[in-house]
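**Q** What follows is a single structure, and I will ask about it in a moment.
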Amino acid sequence: MAQLTDAIMAPGRNGAFDAVLKWVLLMALIAVATVVSYDYGLLSYLFGADRSKITVLIAVLYVAFSGHCLWILVELAREYRRALQVKDMLATSTKVPELPRGGGLIDRYMADIIRSRERPGEVEGNAHLLMQSLGASFRRRTKIGTYGTDLLYKLGMLGTMVGFVMMLNSMGDLSDFDVDTLRGALQQMIAGMAVSLLTTIAGLIGGILLRLEYNIADALVTDISQTAVSFTEVSLLPLLARGERDV
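Residue numbers (full-length UniProt numbering): 1 to 247.
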């Protein structure tokens, strides 16, 4: 938590960590809704009435994927801050920048651009290919969000099937039609219906909320890519071309 606070409050962040703050705000709203639901007994009923315990699995996976989303957002925000710093530096620079020594994707991208211009006549389109590669590297980090959302949806559908099986099984066990037997079958049918409905609701809500979280990360990836394209086309490539003419 201290590392996250230092990253957000670091001087010169230029709004790079606004996406992290959006995630925190979203999670605060979700936490408030969770507390209210618990206070009204909805969560207790949700986890208690589900005999399959699929809703518990959905909740655990949602928390795990949310933690991963936060980690991805912090890493992407650092790259965005670096991209904004590079953009400001190149906007006021009049000479070819030195090779960056950082280990981030933006620094490696700049180093690759500079090295590719050392022999500009050998390969055409280096900068555009490298920009596409940079964007793909960032998007690869957020693709797990699509998998996580789909997984929660599928678990909800699985719970629906399990609930229907429980309902059908309750009717298949009927050997006679006395009051006690019918009462037991009806109770099992109600339990199966509860499993079917509750797991579906849990899967849908979890998937929707998780998709909202990763949409924040996707928007941040777009901002980083646009910033990288901007400082490359407007500042970096013209500086490198000027340096080649001066040699």
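Just so you know, even glycine gets a beta-carbon here, dropped at the ideal spot from N, CA and C.
Computed from a predicted model, the values in this text were never measured in an experiment.
#1: Can you round the beta-carbon distance between V56 and F47 to whole angstroms, since I take them to be within the 8 Å contact cut?
#2: Any idea what DSSP makes of P100, helix, strand or coil?
#3: For L42, count neighbouring Cβ atoms within 10 angstroms of its own Cβ and tell me buried if that reaches 16, exposed if not.
#4: Start and end of the alpha helix (DSSP H) containing F17?
#5: If I follow the unbroken alpha helix (DSSP H) through V86, where does it start and stop?
#6: Which of helix, strand or coil does DSSP assign to K95?
#7: Indicate whether at least one CB of chain C lies closer than 7 Å to the CB of A64.
#8: Would V96 pass as a contact of L209 if the rule is Cβ separation under 7 Å?
#9: Would you please state the rounded distance, in angstroms, between the beta carbons of I72 and L152? I believe it to be under 8 Å.
#10: With DSSP run on the structure shown, which of helix, strand or coil describes R117?
#11: Please report the straight-line C-alpha distance between C69 and R141, rounded to a whole angstrom.
#12: Tell me the rounded alpha-carbon separation between D18 and A49.
#13: The alpha helix (DSSP H) spanning S44 covers which residue range?
#14: Under the assumption that R51 contacts A202 (Cβ atoms under 8 Å), give the Cβ distance between them as a whole number of angstroms.
#15: Can you give me the C-alpha to C-alpha distance between M161 and D150, rounded to a whole angstrom?
**A** On the basis of the data shown:
#1: Within the sequence shown, numbered from 1, the residue matching residue 56 stands at position 56. Within the sequence shown, numbered from 1, the residue matching residue 47 stands at position 47. Sure, about 6 Å apart at Cβ, within 8 Å.
#2: Looking up residue 100 in the sequence shown gives position 100. Residue state for P100 is assigned as coil, using DSSP reduced to three classes.
#3: For the purposes of this step, residue 42 is taken as the residue at position 42 of the sequence shown. So L42 counts as exposed.
#4: Translated into the one-based positions of the sequence shown, residue 17 becomes position 17. For F17, there is no enclosing alpha helix (DSSP H), since its DSSP letter is neither H nor E.
#5: In the sequence shown, counting from the first residue as 1, residue 86 sits at position 86. 54 to 91 is the span of the alpha helix (DSSP H), which, as asked, contains V86.
#6: In the sequence shown, the residue the question calls residue 95 occupies position 95. Coil at K95, not helix or strand.
#7: Checking the listed chains, one finds no chain C in this structure; it contains a single protein chain.
#8: Mapped onto the sequence shown, residue 96 falls at position 96. Mapped onto the sequence shown, residue 209 falls at position 209. The answer is no: Cβ separation not under 7 Å.
#9: Position 72 of the sequence shown, counted from the start, is the residue given in the question as residue 72. Position 152 of the sequence shown, counted from the start, is the residue given in the question as residue 152. About 17 Å separates the two Cβ atoms, so there is no contact after all.
#10: Counted from its first residue, the sequence shown places residue 117 at position 117. Of the three classes helix, strand and coil, the one that applies to R117 here is coil, per DSSP.
#11: Taking the sequence shown and counting its residues from 1, one reaches residue 69 at position 69. Taking the sequence shown and counting its residues from 1, one reaches residue 141 at position 141. Answer to the nearest angstrom: the Cα atoms are 9 Å apart.
#12: Residue numbering aside, residue 18 sits at position 18 when the sequence shown is read from its first letter. Residue numbering aside, residue 49 sits at position 49 when the sequence shown is read from its first letter. One alpha carbon belongs to D18, the other to A49, and they sit about 40 Å apart.
#13: The residue given as residue 44 occupies position 44 in the sequence shown. Taken as a continuous stretch (DSSP letters only), the alpha helix (DSSP H) holding S44 covers 42 to 49.
#14: Residue numbering aside, residue 51 sits at position 51 when the sequence shown is read from its first letter. Residue numbering aside, residue 202 sits at position 202 when the sequence shown is read from its first letter. With a Cβ gap of about 14 Å, R51 and A202 do not count as contacting.
#15: On the sequence shown, position 161 is the one that residue 161 refers to. On the sequence shown, position 150 is the one that residue 150 refers to. So the alpha carbons of these two residues sit roughly 17 Å apart.
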